[in-house]
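Okay, structure first, notes after.
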Amino acid sequence: MPRNVAVLIAVGAVLVAIAGAEDPYRFFTWNVTYGDIYPLGVRQQGILINGQFPGPDIHSVTNDNLIINVFNSLPEPFLISWNGIQQRRNSFEDGVYGTTCPIPPGKNFTYILQVKDQIGSFYYFPSLAFHKAAGGFGGIRILSRPRIPVPFDEPAGDFTVLIGDWYKANHTTLRRVLDAGHRIPFPAGILINGRGPGGASFTVEQGKTYRLRISNVGLQNSLNFRIQNHKMKLVEVEGTHTVQQTYSSLDVHLGQSYSVLFTADQPGQDYYIVVSSRFTTPILTTTGVLHYSNSAGQVSGPIPGGPTIQVDWSLNQARSIRTNLTASGPRPNPQGSYHYGMINTSRTIILQSSSGQVNGMQRYGINSVSFKPADTPLKLADYFNIGGVFRVGSISDRPTGGGLYEDTSVMGADFRAYVEIVFENPSNIVLSYHIDGYQFFVVGMDGGQWTQASRNGYNLRDGVARSTIQVYPKSWSAIYVALDNVGMWNVRTEYWARQYLGEQFYLRVYTNSGSIRDEFPIPKNARLCGRAAGRHTRPL
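Heads up: the sequence shown runs through residues -21 to -1, 1 to 519, numbered per mature numbering (1 follows the signal peptide of the UniProt record, and there is no 0).
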């Protein structure tokens, strides 16, 4: 029997024990390689998955078990992470270095994921070594189970749309700039599904309605998405059905995913799809093509303009995005309730972006701590009780006002606590923050300094639940989150150069119960590295 087949059979048997045989399995085998790509007209070294750039979509249904066997054919370690997939009770599979050992060159690792109680639009990406600037990303869609009604008619087509800023320089060059303690330059352009201006095309039939799953997989810029002469109806944000409001353009911030419906209700010809950078000078713009199957002509006229540089337009749009309280489907805790605003929070955590020099090198951080990777994944050190790798409480839950310094920052939190988190952005750029393993309720955002009086303006009824939140320049954003998922979870900026240079930390959500109801044991196929090398995993 081939080795990879034996591995998949063994993994499948493990999952039957964990999840129950009633939940379907979907098997994937991926080979990760370097290859030549030309997204902006120049040859670059891109990361391909099964020869594709971007990588293949993952199609699944709520509660499916995903068995993804990843072969690393790069000459260096590699990891894939799953943006928005919550990994219930299983941070071992999160795919960031704080939880998961990298896949060595020439080796493979089988990710065991379950999209438990989730629906919606997400994506995956490479999390190590600034690989994200070379590709290796792709879309994830999770459909509702057939018996769960969806609050809109099934569209005639469903497209993944991955947008993001891009560099002509190889990721290795960009990484050397960052490692030398410098800032990387402004991006060279914007891609739609891995293609530069005019390269991406979507074919539709006149009179039919289509779904676009739009994700900003870029490195540093918020982007505005629009379709010439067409309106878009927002229906889902990172796993939450939304109030169905209509927009002529939509701001998609770093790391965020949106689903929109549009109807091909214009005369039969081709129309521009436009993506442009927000709050930048100069403004980067790229185009794709919406092609009507009965098209009588190519795109024509000027490229439709987007919103102005003012933040207020984007802030007001963000506030208008709300949860559809009448829709069925999974939702974050408080389980079975939308009454998140009626529950008292037990703790307020304030996280402030930090920037500065450490030993003459440019670094970034949160609450004055710039994250320094340890020699062992933090989750493994925690599981095997290996001392000296990290210290719980090495980052404060309030800004300290002190100078920036490096540490392996880990914040402790109690299992089942219900907390308020405020993100503060003192810089003059838009930042996005993501919390692995969780959805949270967006309760407020505004300019200036957050104070306790800011709570008077919170949306405590139908704030959208999502996993990535933008914070505007000189502004704050606030969320409520039920810490119901035990594990070691990455909290990071999605501004990737800042993430690489330390603007992240780990949230250790802990219980000493030892029950499989609270957290799964370490997977039998887990790679063990650093000081955890040579240890033995417990049989399930």
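Even glycine gets a Cβ: it sits at the ideal position worked out from N, Cα and C.
1. Can you list the beta strand (DSSP E) stretches of 3 or more residues lying completely in the region 161 to 205, in chain order?
2. Does the pairing of the region 264 to 280 with the region 245 to 256 give three or more beta-carbon distances under 8 Å?
3. Rounded to whole angstroms, what is the Cα-Cα separation between Arg126 and Val409?
4. Confirm, please, whether the CB-CB distance from Tyr250 to Ile282 is below 8 Å.
5. Could you tell me whether the region 219 to 228 touches the region 178 to 185, using the rule of 3 or more Cβ pairs below 8 Å?
6. May I ask which residues mark the beginning and end of the beta strand (DSSP E) holding Tyr13?
7. Can you tell me where the alpha helix (DSSP H) holding Gln296 begins and where it ends?
8. Going by the CB atoms, is the gap between Pro166 and Tyr146 shorter than 8 Å?
9. Between which two residues does the beta strand (DSSP E) carrying His150 extend?
10. What runs of the beta strand (DSSP E), each 3 residues or longer, lie entirely inside the region 220 to 289?
11. Quick one: residues in its chain with C-beta nearer than 7 Å to the C-beta of Pro164, no 5 flanking neighbours on either side, listed in chain order?
12. Confirm, please, whether the CB-CB distance from Gly25 to Ala113 is below 8 Å.
13. Does DSSP put Ala(-3) in a helix, a strand or coil?
14. Can you grab the Cα-Cα spacing for the pair Arg205 / Ala505, in whole Å?
15. Taking just the CA atoms, how far does Ser52 sit from Lys86?
16. Just to confirm, is the Cβ distance from Leu92 to Leu45 under 8 Å?
17. Which residue from Thr219, Tyr485, Ala511, His515 puts its Cα closest to that of Lys503?
18. Buried or exposed: which applies to Gln483, given that a residue is buried once 16 or more other Cβ atoms fall within 10 Å of its Cβ?
19. Would you report the Cα separation of Phe394 and Ser325, rounded to the nearest angstrom?
20. Please classify Ile495 as buried or exposed, where buried requires at least 16 neighbouring CB atoms within 10 angstroms.
21. The beta strand (DSSP E) with Ala461 in it runs from where to where?
22. According to DSSP, what are the bridge partners of Gly335?
23. Taking 8 Å as the cut-off, decide whether the C-beta atoms of Phe350 and Gly481 are in contact.
24. Can you look up Gly315 in the DSSP assignment and give me helix, strand or coil?
25. Distance, Cα to Cα, Pro139 vs Arg471?
26. Quick one: which unbroken beta strand (DSSP E) runs of 3-plus residues sit fully inside the region 15 to 89? Chain order, please.
27. Which of helix, strand or coil does DSSP assign to Lys147?
28. How would you call Pro33, buried or exposed, if buried means at least 16 neighbouring beta carbons within 10 angstroms?
29. Helix, strand or coil: which one does DSSP assign to Ala444?
30. Rounded C-beta distance between Thr89 and Asn48? I'm assuming under 8 Å.
31. Using the Cα positions of Glu1 and Arg510, report the straight-line distance between them to the nearest angstrom.
32. Rounded to whole angstroms, what is the Cα-Cα separation between Trp468 and Thr78?
33. Which residue marks the beginning of the alpha helix (DSSP H) containing Gln483, and which one marks its end?
34. So the beta strand (DSSP E) Ala392 belongs to, where does it begin and stop?
35. Can you give me the Cβ contacts of Phe131 inside the same chain, cut-off strictly under 6 Å, excluding the 5 residues immediately before and after it?
36. Taking 8 Å as the cut-off, decide whether the C-beta atoms of Leu294 and Asp441 are in contact.
With the structure as the only source:
1. 168 to 171, 180 to 183, 188 to 195
2. yes
3. 40 Å
4. no
5. no
6. 4 to 16
7. Residues 290 to 299.
8. Contact: yes.
9. His150 -> not in any beta strand (DSSP E); alpha helix (DSSP H) instead, spanning 150 to 158.
10. 228 to 231, 236 to 242, 249 to 256, 264 to 271, all fully within the region 220 to 289.
11. Nothing listed; no residue qualifies.
12. yes
13. In this predicted model, Ala(-3) has a pLDDT of only 42, less than 50, meaning its place in the structure is not dependable; the value taken from the coordinates is given anyway. In this structure, Ala(-3) counts as helix in the three-state DSSP scheme.
14. 43 Å
15. 8 Å
16. yes
17. Comparing Cα positions, the closest option is His515.
18. buried
19. 12 Å
20. exposed
21. 454 to 461
22. Arg342
23. With a cutoff of 8 Å on beta-carbon distance, Phe350 and Gly481 are scored as near each other.
24. Legend: pLDDT at Gly315 = 49, less than 50; position of this residue unreliable, value from coordinates given subsequently. Looking at Gly315 - three-state DSSP - the assignment turns out to be coil, as it is neither helix nor strand.
25. Reading off the sequence, residue 139 comes out as Thr, not Pro. Using only the alpha carbons, I get a separation of about 24 Å.
26. 23 to 28, 37 to 40, 44 to 51, 59 to 62
27. coil
28. buried
29. strand
30. About 5 Å; that satisfies the 8 Å criterion.
31. Looking at the backbone, the Cα of Glu1 and that of Arg510 are separated by about 38 Å.
32. It is roughly 8 Å from the alpha-carbon of Trp468 to the alpha-carbon of Thr78.
33. Segment 483 to 489 is the beta strand (DSSP E) holding Gln483; no alpha helix (DSSP H) there.
34. DSSP places Ala392 in the uninterrupted beta strand (DSSP E) bounded by 388 to 393.
35. Shown here for Phe131: same chain residues with a beta carbon closer than 6 Å to its own, the five before and five after excluded, namely Val214 in chain order.
36. no
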